[in-house]
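**Q**
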Amino acid sequence: MAEPLGVAAQLITDHLVEGRAVPGDRLTLPDLHEALAADADGYLTARNTTRDEEYRLTHRLSPHQRRAVLAGGTLPALAARTARSPRTARSAA
Numbered sequence: 015m016a017e018p019l020g021v022a023a024q025l026i027t028d029h030l031v032e033g034r035a036v037p038g039d040r041l042t043l044p045d046l047h048e049a050l051a052a053d054a055d056g057y058l059t060a061r062n063t064t065r066d067e068e069y070r071l072t073h074r075l076s077p078h079q080r081r082a083v084l085a086g087g088t089l090p091a092l093a094a095r096t097a098r099s100p101r102t103a104r105s106a107a
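The working numbering runs 14 ahead of the 1-based position in the sequence shown.
(1) Entirely within the region 45-105 and at least 3 residues each: give me those beta strand (DSSP E) ranges in chain order.
(2) With which residues is L41 paired in a DSSP beta bridge?
(3) Compute the beta-carbon to beta-carbon distance between R61 and L41, rounded to the nearest angstrom, for a pair I have assumed lies under 8 Å.
(4) For R95, count neighbouring Cβ atoms within 10 angstroms of its own Cβ and tell me buried if that reaches 16, exposed if not.
(5) Say whether the region 53-72 touches the region 81-89, bearing in mind that this needs 3 or more beta-carbon pairs closer than 8 Å, one atom from each stretch.
(6) Taking the beta carbon of L89 as the centre, do at least 16 other beta carbons fall within 10 Å, making it buried, or is it exposed?
(7) Return the CA-CA distance between A49 and G86, expressed in angstroms with no decimal places.
(8) For T72, collect the residues of the same chain with a Cβ closer than 7 Å to its Cβ; drop the 5 residues on either side in sequence, then sort them by chain order.
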């Protein structure tokens, strides 16, 4: 999964600036799929396993970006969308 790492870095920037997390800390994003669901509230939790802390984060991901992250990256998201497209199924026949 290439993109989630970039997304995680984008999400934790404020906490790095505030000094709550520092380079080298190990962060996880538990419940990422639930937090990025279409009906989610725009918040997610980052867990700093190095410091045994949790941070509530706000994301500003578009629906397209959410789908890409949940699919594992842009290419897997495009492949999934193409596989579901009736136009693609017709052209393959």
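Heads up, the beta-carbon is just placed ideally off N, CA and C, and yes, glycines get one too.
**A** Taking the definition as stated:
(1) 57-62, 67-72
(2) N62
(3) 7 Å
(4) exposed
(5) no
(6) exposed
(7) 15 Å
(8) G56, Y57
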